[in-house]
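Notes to accompany the following structure.
There are 4 protein chains.
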Amino acid sequence: MIENYQFSSVLPTFASCADRYVLGGYGRGGTTMDEMLDLAVKVKDLDGLELVGGWHVNDQNIKEVGKKLKDRGFKLSMLVPDLWTQAKWGRGSIAATDPKTRQASVDEVRKCMDWAAELDCPYVDVWGGQDGYDYSFQADYVEVWKWMRESLHAMGEHTDKVKVLVEYKAREPRMRCFITNAATVLLLLRGLDKIGVVLDVGHALAAGENMAAAVALLASHGKLDYFHFNDNYRSWDDDMIVASVHLVETLELMYWIKRVGYKGWLSLDMFPYREDKVQAAIQAREWMKALLAAIDRVGMDKIDKVIKGNEGTEAVALVREALTGR
Amino acid sequence: MIENYQFSSVLPTFASCADRYVLGGYGRGGTTMDEMLDLAVKVKDLDGLELVGGWHVNDQNIKEVGKKLKDRGFKLSMLVPDLWTQAKWGRGSIAATDPKTRQASVDEVRKCMDWAAELDCPYVDVWGGQDGYDYSFQADYVEVWKWMRESLHAMGEHTDKVKVLVEYKAREPRMRCFITNAATVLLLLRGLDKIGVVLDVGHALAAGENMAAAVALLASHGKLDYFHFNDNYRSWDDDMIVASVHLVETLELMYWIKRVGYKGWLSLDMFPYREDKVQAAIQAREWMKALLAAIDRVGMDKIDKVIKGNEGTEAVALVREALTGR
Amino acid sequence: MIENYQFSSVLPTFASCADRYVLGGYGRGGTTMDEMLDLAVKVKDLDGLELVGGWHVNDQNIKEVGKKLKDRGFKLSMLVPDLWTQAKWGRGSIAATDPKTRQASVDEVRKCMDWAAELDCPYVDVWGGQDGYDYSFQADYVEVWKWMRESLHAMGEHTDKVKVLVEYKAREPRMRCFITNAATVLLLLRGLDKIGVVLDVGHALAAGENMAAAVALLASHGKLDYFHFNDNYRSWDDDMIVASVHLVETLELMYWIKRVGYKGWLSLDMFPYREDKVQAAIQAREWMKALLAAIDRVGMDKIDKVIKGNEGTEAVALVREALTGR
Amino acid sequence: MIENYQFSSVLPTFASCADRYVLGGYGRGGTTMDEMLDLAVKVKDLDGLELVGGWHVNDQNIKEVGKKLKDRGFKLSMLVPDLWTQAKWGRGSIAATDPKTRQASVDEVRKCMDWAAELDCPYVDVWGGQDGYDYSFQADYVEVWKWMRESLHAMGEHTDKVKVLVEYKAREPRMRCFITNAATVLLLLRGLDKIGVVLDVGHALAAGENMAAAVALLASHGKLDYFHFNDNYRSWDDDMIVASVHLVETLELMYWIKRVGYKGWLSLDMFPYREDKVQAAIQAREWMKALLAAIDRVGMDKIDKVIKGNEGTEAVALVREALTGR
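Here the protein sequences come in this chain order: A, B, C and D.
End of the first sequence = 361 in my numbering, gap-free, step of one.
End of the second sequence = 361 in my numbering, gap-free, step of one.
End of the third sequence = 361 in my numbering, gap-free, step of one.
End of the fourth sequence = 361 in my numbering, gap-free, step of one.
Take a look at the structure:
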């Protein structure tokens with residue numbers, strides 16, 4: 036736990052992270068699932084993990100996986116259907132032009148929902164990273180909207196035991212993705228009451244959003260269900276250690292998480308390519324704790340008051356006091 | 036007219052454009068309204084103009100302004116309430132923390148609606164350029180949403196003779212504005228059926244949007260009411276000549292304007308700081324005509340087919356054929 | 036003084052800041068020079084000010100200005116020739132195509148050097164904000180390089196009493212400026228040994244640079260002569276309060292300023308549009324002091340060691356310890 | 036040949052491109068070198084190829100590789116040492132903190148120079164994609180400069196038969212790379228007269244540069260030796276088809292290539308992830324030809340005149356006339 040929040044991480048944070056150049060991975064992480072789990076165990080306070088359906092969980096190993104998690108004291112906080120690592124999804128999953136591919140994405144998610152239910156996991160995360168386009172004149176922006184709604188509706192109807200969440204991202208792997216930001220996902224989910232939202236705060240940054248404003252918007256519309264934490268330089272989803280770049284904005288983010296009364300998981304989605312994976316997770320946790328402590332130092336009431344005052348200089352002074360005590 | 040579209044421009048395109056350094060303006064434009072109108076007359080095909088309420092139109096001069104426009108053969112395509120050039124709006128208009136300021140913004144817009152009605156102008160453009168924040172911990176993102184909806188609702192109820200349109204922009208003059216992009220404005224206007232949207236295509240670019248996708252999204256939601264045309268380098272609202280930077284994207288934009296059956300105005304919102312103002316408007320018009328001709332060269336059907344094909348290389352070939360005939 | 040550094044500010048930080056919309060200024064600042072000076076006096080530890088040649092200093096008032104500064108205990112840390120607020124510079128100053136304009140820029144700077152000498156001011160700041168281009172095919176990138184070197188050489192030869200410094204910036208007011216970043220200015224000044232560099236750290240940010248790396252590069256080449264401090268969101272020169280956005284990077288910047296043994300001025304170049312100007316300067320000072328204290332908390336030696344270690348997780352931990360003590 | 040230019044491509048343009056999600060590649064390309072070569076043969080006018088040392092060429096296969104190229108009528112335009120696909124380079128090659136790794140990078144490049152000499156290849160391309168940092172306080176910006184110069188000097192001294200070229204890039208795979216842009220590489224190579232520069236025009240775009248201005252700067256300093264062609268959305272090195280996004284800027288680029296009298300290779304460095312690889316190369320070639328034809332349509336003299344005129348509206352008109360004839 037980090038304060039009142041359950042603390043999780045995607046399992047690949049503990050893998051030997053690869054990119055398009057170093058396809059074999061930069062190393063220092065696990066190769067097998069067991070190795071990754073054994074690294075995860077070293078991160079104190081970690082309550083859960085996210086696994087990828089198909090990679091980590093399948094019909095054959097599901098009981099074994101459940102036991103592996105249980106033995107190490109981990110809950111399964113999220114199961115992520117794999118709609119993006121195989122060439123068959125290269126031109127889209129829930130928004131593919133080909134209706135068979137769209138149906139395949141629905142089937143894949145439903146299969147994951149069943150696995151999730153069996154593993155007492157509350158959520159599946161639908162991330163359409165391949166749903167987008169690369170060039171002008173390559174996508175029918177009107178049609179895809181309908182397709183995405185149909186696909187998501189079909190997923191949501193499958194079972195009420197597991198909730199479907201949508202994770203937005205402005206780009207990568209597709210040069211441009213369709214579900215770019217918080218407002219877009221909320222608009223897309225209009226009327227799809229069973230479907231919720233994952234806020235990956237790095238995706239918010241790379242989409243040019245203010246993370247805190249995204250929290251407020253999603254929470255106001257009843258769709259703030261889950262968090263992915265990381266940081267980046269805003270031009271790409273670098274999946275760096277939490278608060279390592281956008282420290283002031285991450286402080287404001289933590290305030291708004293408290294302010295809107297969020298009660299769910301805080302999960303790491305980091306790719307510490309060249310770093311010690313366990314230390315990367317620990318440093319993320321330490322920053323999250325330090326930021327919550329910084330909020331406590333000045334108190335929610337004072338922050339509320341500064342916000343209501345609208346005076347930039349007071350906002351700047353507040354941040355300094357919260358972080359440094361000066 | 037440009038093809039079937041009525042062609043307009045904001046009057047300040049013909050002014051001696053100023054920025055924060057050259058407060059007196061770079062010159063080559065008009066200083067008085069008459070001078071600017073006389074420059075506008077030199078732009079063939081120009082059917083209308085946009086004026087700013089308070090600057091160009093007031094209770095005293097309204098009949099005279101109507102006559103000036105009529106004498107030169109111009110319609111008033113849009114009246115823009117001034118919610119952003121006076122220090123009193125510096126901390127916001129429709130989303131100001133101070134309720135009196137919010138009310139003042141409503142009053143200002145209503146006054147403009149009356150003037151617009153008298154001048155047979157169909158629209159007023161509510162652009163909350165000062166509605167935003169500069170620093171973290173300076174805005175209550177939840178409250179402002181309610182305030183903006185209340186303010187806009189109050190405006191919409193004033194009269195049905197003139198339609199209130201909202202123009203979104205991600206930043207400037209405020210470091211960060213609240214109504215950042217197409218999805219956000221659509222979400223904000225949920226249930227506010229009387230209110231429409233102005234798409235300033237340069238604001239879309241600077242918000243990291245694809246202009247064509249913004250057209251599709253707004254049109255699909257019944258809120259594509261008016262266009263501001265210009266171009267920029269994406270990091271700022273440079274208000275440059277149409278198609279001077281994002282040529283491929285502007286071609287795709289013109290296709291989508293036709294595709295969704297838009298019938299309204301195409302209006303220039305350019306700031307040709309150092310340029311001959313008349314030539315700047317003419318060059319914008321010539322590019323718009325050239326792009327529509329490029330679409331005609333290949334035909335809507337072929338474009339539709341390429342889009343449905345999803346093949347990047349065919350999309351690239353299509354653009355070349357449309358623009359160059361090769 | 037801030038620690039061992041002399042602390043200054045551009046006088047316009049205390050003005051009623053204007054932008055292209057609110058040409059009359061947002062208020063809360065001084066209008067006359069006396070008013071601005073009287074605000075500056077309220078900022079404890081402020082040792083000097085920067086004035087703009089032509090605006091604040093001219094042949095008539097120079098003695099009076101010297102007295103005004105002296106009476107208030109301010110040194111003149113920098114005199115900035117005005118090469119950017121008048122329409123005559125709209126198409127360039129030191130790199131204008133018109134040779135008479137280039138000569139006029141040289142004359143203007145020489146005049147300022149004489150004034151600076153008389154006022155015991157060590158530097159003039161040549162900032163070619165209008166030297167650039169807006170559109171493709173509008174600049175001869177080869178010729179302008181020669182012109183800039185000729186102009187700067189002519190300035191440097193004028194007198195040895197006052198040093199000419201060049202301030203780089205990637206854009207604004209020109210859409211694209213010629214002297215974009217630290218490496219470009221160093222390359223441009225090859226062989227122009229008398230000319231130095233002003234590092235405006237916000238210009239570095241907006242140019243996509245790492246501020247600390249810019250310090251190291253300039254210092255290694257013997258051209259780190261003066262600092263302008265502020266912050267921004269990287270897409271524009273927002274001239275915000277120091278450390279309000281890029282806190283981690285500003286901490287690293289302060290370390291490198293110490294590390295390279297810089298001994299000169301730290302000067303504020305902020306535009307606190309909507310803020311109390313005195314408070315804005317005070318908050319900037321407080322953050323600079325807090326960051327220097329943070330460095331002292333962990334010590335230069337430990338920082339050196341972490342840098343040499345190249346381990347990202349240790350770098351992240353270092354920042355947290357320095358800022359928060361945790 | 037494309038007009039007077041020899042036309043080449045990196046061989047991986049014809050591979051089944053992978054990214055960090057689809058590690059197995061998106062398909063439609065070759066897996067073996069022979070398969071890739073057989074795809075390359077289908078691109079008419081292709082005079083040469085670039086291979087990667089260690090991947091495609093080694094001591095065992097060098098004669099065979101020479102024959103494979105010759106049989107298909109290809110020259111080897113460039114050999115690229117692999118300093119970036121193995122975990123051992125993860126923390127840097129020519130700028131690694133560890134001196135053994137730096138020496139290993141020198142040895143690797145020298146080995147490639149020998150292979151290149153044997154294959155009648157004029158250049159090796161030193162791209163330090165891993166030379167940079169991810170976090171603040173992770174790099175000694177002063178030391179690395181010296182190390183890079185030492186490494187490059189040692190490479191340059193190895194043999195005069197093959198020229199060492201440096202390719203700059205602002206980021207990726209490292210979050211931030213050291214040799215970010217044209218001015219930086221020129222500054223770095225001061226006094227290293229044997230070393231030249233590869234301009235990857237997509238790297239220029241992603242670094243926020245104007246490609247044409249980079250050409251002018253490199254050529255003026257005698258270091259414009261080789262070109263990589265592609266396009267992107269400026270936030271990342273997307274390696275897209277030439278001119279598919281930045282059409283106006285690519286037109287200006289082609290003009291400057293002619294203007295500075297460049298006589299070398301124009302080589303494709305594209306990653307057509309989801310596209311038909313042969314068609315991607317063909318479309319790139321067709322755009323390059325179309326742009327050279329557009330320049331011919333208006334003529335170099337007219338372009339020179341417009342540039343000298345500095346008038347934005349004329350520059351905009353010129354682009355339209357060149358591309359569309361209107």
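For every residue, glycine included, the Cβ atom is placed at its ideal position computed from N, Cα and C.
Boundaries (first-last residue) of the alpha helix (DSSP H) holding residue i
i	result
S255 (chain B)	M246 to S255
V78 (chain A)	Per DSSP, V78 (chain A) belongs to no alpha helix (DSSP H) and is neither H nor E.
L224 (chain C)	Unbroken run through L224 (chain C): none, as it is neither H nor E.
V354 (chain B)	G347 to T359
G344 (chain A)	M335 to G344
Start and end residues, beta strand (DSSP E) containing residue i
i	result
K110 (chain C)	K110 to P116
V233 (chain D)	G231 to D235
L58 (chain A)	Note, L58 (chain A): premise wrong, no beta strand (DSSP E); not H, not E.
G88 (chain D)	G83 to G88
F49 (chain B)	Note, F49 (chain B): premise wrong, no beta strand (DSSP E); not H, not E.
is_contact[residue i, chain A] using C-beta, thresh 8 Å
i	result
W271 (chain D)	yes
A319 (chain D)	no
K98 (chain B)	no
Neighbour flag for residue i against chain D, beta carbons, 8 Å
i	result
L358 (chain B)	yes
P208 (chain A)	yes
R355 (chain B)	yes
V161 (chain C)	no
A53 (chain A)	yes
Residue i: contacting residues in chain B (beta-carbon distance under 9 Å)
i	result
L67 (chain C)	Reading off the sequence shown, one finds Thr at residue 67 (chain C), where the question assumed Leu. Within 9 Å Cβ-Cβ: nothing; T67 (chain C) doesn't reach chain B, min ~16 Å.
Amino acids of chain A, ordered along the chain, whose beta-carbon sits closer than 7 Å to that of residue i
i	result
R218 (chain D)	Looking at the sequence shown, residue 218 (chain D) is not Arg but Ala. The contacting residues do not exist; A218 (chain D) stays about 20 Å from chain A at best.
W119 (chain D)	Y56
Any C-beta of chain B under 8 Å from that of residue i
i	result
W322 (chain D)	yes
V333 (chain D)	no
S25 (chain C)	Here chain C has residues from 36 to 361 only, and residue 25 (chain C) is not among them.
R126 (chain A)	yes
A205 (chain A)	yes
Contact list for residue i against chain C, beta-carbon separation under 7 Å
i	result
G347 (chain D)	D169, Y170 and Q173
L282 (chain A)	L282 and V283
Partner residues on chain A for residue i, Cβ-Cβ distance less than 8 Å
i	result
I276 (chain C)	G347, T348 and V351
V325 (chain C)	Note on residue identity: the sequence assigns Ala, not Val, to residue 325 (chain C). The contacting residues are R355, T359 and R361.
Supposed close pair residue i, residue j - CB separation, criterion 8 Å
i	j	result
K105 (chain D)	Y158 (chain D)	Wrong, their Cβ atoms sit about 18 Å apart, outside the cutoff.
A75 (chain C)	L86 (chain C)	In fact, because the Cβ distance is near 11 Å, the residues do not count as touching under 8 Å.
F306 (chain B)	C52 (chain B)	5 Å
Q173 (chain C)	A350 (chain D)	5 Å
Within-8 Å CB hit, residue i to chain C
i	result
D311 (chain A)	yes
G226 (chain D)	no
Q314 (chain A)	yes
S255 (chain D)	yes
Within chain B, partners of residue i - CB distance below 7 Å
i	result
R211 (chain A)	N245
9 Å Cβ cut-off: residues of chain C touching residue i
i	result
G89 (chain B)	Chain C residues near G89 (chain B): none, gap ~13 Å exceeds 9 Å.
- Message: Ignoring anything shorter than 4 residues, give me the alpha helix (DSSP H) runs that lie fully in the region 244-325 of chain A, in order along the chain.
- Response: As far as the region 244-325 of chain A is concerned, its whole alpha helix (DSSP H) runs of at least 4 residues are 246-255 and 282-294.
- Hey, which unbroken runs of the alpha helix (DSSP H) at 4 residues or more fall wholly within the region 96-176 of chain D? Counting only runs of 4 or more, we get 97-106 and 134-153.
- Task: Please list the segments of the beta strand (DSSP E) lying wholly inside the region 174-222 of chain A, counting only runs of 3 or more residues, in order along the chain.
- Result: Entirely contained in the region 174-222 of chain A, the beta strand (DSSP E) runs reaching 3 residues are, in chain order, 198-202.
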